[in-house]
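Protein chains in written order, with the numbering used here: chain A, 1314 to 1556; chain B, 669 to 1154; chain C, 6 to 289.
Structure record follows, encoded as structure tokens.
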Amino acid sequence: MIRTALILVRPMLRAVDWAPLAWTWLASVAMIVAAALTRGAVVSCDAVVLSRLSAGAMGATAGFALVDPMAYGALATPVPRWLRMWLRTALAAGAALAAWGTSLALIVAFLPHGSPLLAGDLALEAATCVLTGLSGAAVAVRLRPRHGRSAALAGTAAQFALLALTLFLTAELWLWPLQNDPQWPVAHRLWLVILPLPVACLALANGNPVARRPARWSHRVMTFFIGFFPGGPYARTKSSLLP
Amino acid sequence: MSLTRFEAALLLRSPLVWGSAVLMVALRVWQTWSRAPAWPEVTIDTAYGCMLVGAGALLAANLAVNRERRHGMPETIRALPVRAPARTRALLATAPAVAAVVACAATAVHLLSLLPARPAGRFDPWEALTGPAGAALCGVLGVTVGRWFPGPATGPVVLFAVAAPVELSRSGGSWAALLPVILRHDLPVEINPRPSGAHLVYLLALIPLVAALGMSRYGMRPRRSLAALAGLAVAVPAGAVAIAGTHDAVPQERLARWLTPEAQRCRDIEGVRYCAYPGYEAWIPRWTRAVRPVIAAVPPAARDLVPEIRQRVGDVSSGQGRGTMMKPTWPHPTGPFFLWGRHGTAELSEAWLGGQVAARVAGLSDPEWWRVSITDPIYGASDVFVRVGTPGCAGWRQARTLVALWLGGQAGPVRTAASSWAQTKDSERPAAERLYRYAERLVARPDARSRMWAHWTTLIDPKTTVEQALPLLGLTPDPDDRKDCS
Amino acid sequence: MTPTVSVRGLRKRYGRTPVLDGLDIAFDVGVTGLLGPNGAGKTTLLRCLATTLAPDAGELRVLGLDPATTSGRTEVRRRLGYLPQDPGFYPHFTAFETLDYVAILKEITDRRERHREVTRVLDEVGLTDRARTKARKLSGGMRQRLALAQALLGGPDLLVLDEPTVGLDPEQRLRLRALVSRLGESRTVLLSTHQTEDVAALCERVVVMEGGRILFDGTPAGLAAVAAGRVSLGDHRPGPGSLFWRTADGRYRTIGDAPAEAVPAEPTVEDGYLLLVGRTEEAA
Chain A
1314 MIRTALILVR PMLRAVDWAP LAWTWLASVA MIVAAALTRG AVVSCDAVVL
1364 SRLSAGAMGA TAGFALVDPM AYGALATPVP RWLRMWLRTA LAAGAALAAW
1414 GTSLALIVAF LPHGSPLLAG DLALEAATCV LTGLSGAAVA VRLRPRHGRS
1464 AALAGTAAQF ALLALTLFLT AELWLWPLQN DPQWPVAHRL WLVILPLPVA
1514 CLALANGNPV ARRPARWSHR VMTFFIGFFP GGPYARTKSS LLP
Chain B
669 MSLTRFEAAL LLRSPLVWGS AVLMVALRVW QTWSRAPAWP EVTIDTAYGC
719 MLVGAGALLA ANLAVNRERR HGMPETIRAL PVRAPARTRA LLATAPAVAA
769 VVACAATAVH LLSLLPARPA GRFDPWEALT GPAGAALCGV LGVTVGRWFP
819 GPATGPVVLF AVAAPVELSR SGGSWAALLP VILRHDLPVE INPRPSGAHL
869 VYLLALIPLV AALGMSRYGM RPRRSLAALA GLAVAVPAGA VAIAGTHDAV
919 PQERLARWLT PEAQRCRDIE GVRYCAYPGY EAWIPRWTRA VRPVIAAVPP
969 AARDLVPEIR QRVGDVSSGQ GRGTMMKPTW PHPTGPFFLW GRHGTAELSE
1019 AWLGGQVAAR VAGLSDPEWW RVSITDPIYG ASDVFVRVGT PGCAGWRQAR
1069 TLVALWLGGQ AGPVRTAASS WAQTKDSERP AAERLYRYAE RLVARPDARS
1119 RMWAHWTTLI DPKTTVEQAL PLLGLTPDPD DRKDCS
Chain C
6 MTPTVSVRGL RKRYGRTPVL DGLDIAFDVG VTGLLGPNGA GKTTLLRCLA
56 TTLAPDAGEL RVLGLDPATT SGRTEVRRRL GYLPQDPGFY PHFTAFETLD
106 YVAILKEITD RRERHREVTR VLDEVGLTDR ARTKARKLSG GMRQRLALAQ
156 ALLGGPDLLV LDEPTVGLDP EQRLRLRALV SRLGESRTVL LSTHQTEDVA
206 ALCERVVVME GGRILFDGTP AGLAAVAAGR VSLGDHRPGP GSLFWRTADG
256 RYRTIGDAPA EAVPAEPTVE DGYLLLVGRT EEAA
């Protein structure tokens, strides 16, 4: 299995659609450079904002890497679906975080001398955002594989949902403080608590299809949330990979 | 026309559009739940909330444009008589209209829901309309970029490109006038004039300009060129006016005018003078409710010590950052700012104002302006600039400090009331904690008022210490009475 | 002898719609064609056999294994070749790269062996000269042949082909028939199709499905015999309510009650199929 996974890396790197992530990275870099040039430097609060927006954007477009046009044909092969999907997830997450990392490096380069940036905490936020986007796309790709690249927009929707939910949290639960806010360490303990959630969602979505009835509770939960929007891009069809 | 109606029906049904509207209303209700509303702030924040609707409309419009490239449709569509320009025109007409209507509806629902709370301040209709205008602009942008750069990834990338400058504009810059919403504002909003009218005209002019850019995908025709030029002809001067009207710093002469007594409207209620800025007189009854229990606890002979309650301007933009560079021309800074609590946090605001009055009545030293704490308990986690104000070690040993704490405790929790005039350093904390505990014990005593009144003159004498005051107030010293202070 | 595929009481529904309704059937070495109108359940059955869809109820054994277990499913997939109804491709992969990728997924990890196998199947389907052409530049028929090639990788014991002749021109169809019939000599081949001529030319056995049930299970000759005495040719257009069409020589071929002046005609597989399905529609 490990050998197969290693052999699969190269064709999968070619198979994955990197264009959306690449364009997002370019937009992020352009925004950072524009912010730095217009003000002469990137001030600390702007640095945090730029880092977060960049992470959110990467998460929103990383999901395109999970869309596999050959999903149906590949399902009938001995290499299990979870291996292929986790490989894609790892490549997408790695690329998205690397892209975010280069954006952060650029931000740091433009920071005034002596302005610290809590990169570790920002990396935690970025990891959660990227994994959230990937988990949304993974669920959509599993339930609606025929929707192609549009299914990846579920990743954007997942990011939207994460942001929206967090805006309802205030005071001690506020997740978006600035660096000099006393809430900062508390917020990042909360981020640590949140991080396993998209990982768990990915574990459910990337797993193999269940063999037997009744449908696993996880599938029923996922179908409920995707099917909540009648007539939307994810309207029920017969094309699910699951019973 | 029927294609336009068809697209409109589809967009209105899109969960991205109505879902984001529901989310926006829910979020705004949540955000304004624990604050007494003021129109200027509410309209700006609601316009910002309309960006959620704009985001939903942008994604939905982008998906609609890319619909004909999915699921084997290109071949089918190409053989039909209604060509791409007509289909694009239908979407360009529909997307901004639907976005604007939905954003308008969401804005109206939220603003109307605030009416029972009788918002203060002046309502700026132009500011309120910039939200739907911004949402409409996002809708038309979704169609245009979808035509020029087809693909499902374009939507998120464009969203990022719109959201990033809006968020970055919080730290200032008159260029923010070119964005769908001018986020940065002072409190009070009115102190730094905003070019809401020009900004609205600028946004509205951008819509046909962006639409014309979308249609130019199929070549520049006279009507498209005319629409683009007309949009440009209005957008450029309106944008220039909006930029000129957006100030990073509050103009000095305007700030000076605001800091004179003549800028306020005053009313005498129950023997106390309350002065509010125009539009905020509706909040005077709230302040009265806070101050009334404190005054009732003051001996009648000493009620002339009760100060005027004057609404204050806090930190406002001063170019380099935030800070009020001028002192008001009236003495003793006792009074609320431009925030007040609601639904559970009103008690915190009342305690806070009551504490200030208590400190003044007890005769605590009039702190220097820049040492007055402006922490407001209802801000919660935010970047409010906190200044250090403390009675100092000498003050924590004085009986009149205890009197101030007890008086403040009539308006609300002792510690909350104290936070309006005491931000203790760590080295003073044991001494402060000691006094807080005594004050809380005192508040619980039914005979505290009679004892206070009986020994008032002694208690507020700066030479009287806490140890001397305790037997007068019927309090026994705490077993672990720590007085450390350095 | 244990059949390659054994199905008992198979049920599957999408929402409230039953798609497979208590199916009992077995398949063995040879070529079996599945015929049926749209929505008959052919693709659903093939997906269940290809282990890409789990049934709601019933017993299924494929190659002597139980696909309900993970190990069973994996083992089935090692010996299975599946051509789905809508095969997808990576547009920027060449034909060779596409098959190489699928071969890896079929656990052919040795590079030399894998490339040998890819070359072999490309030759089988006549795409050797297109090995380096990107998938997006292949015609529809070539893509279909590429999809068939990926099903042939690894020399599977069971071939499940969902509408394999879609998009193929007559010459390519002929070639495919030759290939499938050769494969059917030693393997179990199940194919679904709408082309009754393919069934007639290629299949030793034909199963007609409708509404998730089996209407007919026999030889193509047997299916044609269903229409014996019920097919006629005439010069005049039959009356309303008849199933008929105009032939190339201008005469009217009627299935069902013969019009007055028509003469009996030799029934074909298509006639038998139409009569079966038409009868079911009347009954419904």
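Every residue gets a Cβ at the ideal spot worked out from N, C-alpha and C, and that includes glycine.
- Taking 8 angstroms as the threshold, the shortest C-beta distance from N1493(A) to chain C does not fall below it.
- Listed by position along chain B, the residues whose Cβ is nearer than 9 angstroms to that of D1381(A) form an empty set, because the closest Cβ is around 15 angstroms away.
- Ranked by Cα distance from A232(C), the first of R251(C), D262(C), R218(C) is D262(C).
- For M883(B), the uninterrupted alpha helix (DSSP H) run begins and ends at 864–883, by DSSP.
- Annotation for Y87(C): no alpha helix (DSSP H) segment contains it, though the beta strand (DSSP E) segment containing it runs 85–88.
- Contact annotation: Y87(C) and M1383(A) have beta-carbon atoms that are not nearer than 8 angstroms.
- Cβ proximity to chain A below 7 angstroms picks out L691, L695, W698 from the region 686–707 of chain B.
- Against P848(B), chain A offers no close residue; the least beta-carbon distance is about 16 angstroms (beta-carbon pairs closer than 8 angstroms).
- Under the Cβ criterion (8 angstroms, minimum of three pairs), the region 896–911 of chain B does not count as touching the region 818–837 of chain B.
- Following the DSSP letters along the chain, one finds S197(C) in no alpha helix (DSSP H) but inside the beta strand (DSSP E) bounded by residues 193–197.
- Within chain B, no C-beta atom comes less than 8 angstroms from the C-beta of F1423(A); the nearest is roughly 13 angstroms away.
- For M214(C), the pairing in a beta bridge is given by DSSP as I219(C).
- By the neighbour-count criterion, in which a residue is buried when 16 or more other Cβ atoms sit within 10 angstroms of its Cβ, T259(C) is buried.
- Cβ contact annotation for G172(C) (same chain, cutoff 7 angstroms, sequence separation greater than five): G145, G146, Q149, in chain order.
- Classified as buried, N730(B) has 16 or more neighbouring CB atoms from the shown chains inside 10 Å of its CB.
- A check of alpha carbon separations from T997(B) across E1135(B), R978(B), S688(B), G810(B) identifies R978(B) as the nearest.
- With the rule of 3 Cβ pairs closer than 8 angstroms, the region 718–727 of chain B counts as touching the region 757–777 of chain B.
- A Cβ-Cβ distance of about 7 angstroms is found for the pair V966(B) and L1075(B), placing them in contact under the 8 angstroms criterion.
- Here N860(B) is near H853(B), since their CB atoms are less than 8 angstroms apart.
- In the structure shown, Q932(B) adopts coil according to DSSP, grouped into three states.
- Proximity of the region 1465–1472 of chain A to the region 1449–1456 of chain A meets the contact definition, three or more beta-carbon pairs being nearer than 8 angstroms.
- Taking the beta carbon of V107(C) as reference, the chain A residues within 9 angstroms of it are M1383, G1386, A1387, T1390, listed in sequence order.
- Within the region 814–839 of chain B, the residues whose Cβ lies closer than 9 angstroms to any Cβ of chain A are, in chain order, F817, G819, P820, A821, T822, G823, P824, V825, V826, L827, F828, A829, A831, A832, P833, E835, L836, R838, S839.
- In this chain, the alpha helix (DSSP H) harbouring L1456(A) covers 1432–1456.
- DSSP places G227(C) inside the alpha helix (DSSP H), whose first and last residues are 225–230.
- With respect to the 8 angstroms criterion, L132(C) and L164(C) are not classified as neighbours on the basis of their beta carbons.
- Taking a contact as a CB-CB distance under 8 angstroms, the pair A767(B) and G722(B) counts as one, their CB atoms being some 6 angstroms apart.
- D1434(A) does not reach chain B, its nearest Cβ partner there being about 16 angstroms away, counting only Cβ pairs nearer than 8 angstroms.
- If you look at C943(B), you'll find it isn't in any alpha helix (DSSP H); it sits in the beta strand (DSSP E) that goes 940–944.
- Note on geometry: alpha-carbon atoms of P820(B) and A728(B) lie some 11 angstroms from one another.
- In this structure, DSSP gives T1390(A) a state outside helix and strand, which the three-state scheme calls coil.
- If you draw a straight line from the Cα of T711(B) to the Cα of A1343(A), it comes to about 31 angstroms.
- S1416(A) has a beta carbon lying at 8 angstroms or more from every beta carbon in chain B.
- Using beta-carbon distances, N1519(A) does not count as an interface residue toward chain C, since no partner is under 8 angstroms.
- Under the criterion of beta carbons closer than 8 angstroms, G35(C) and T193(C) qualify as touching, at roughly 7 angstroms.
- Counting the other CB atoms within 10 Å of its CB gives H1123(B) a total of 16 or more, which places it among the buried residues.
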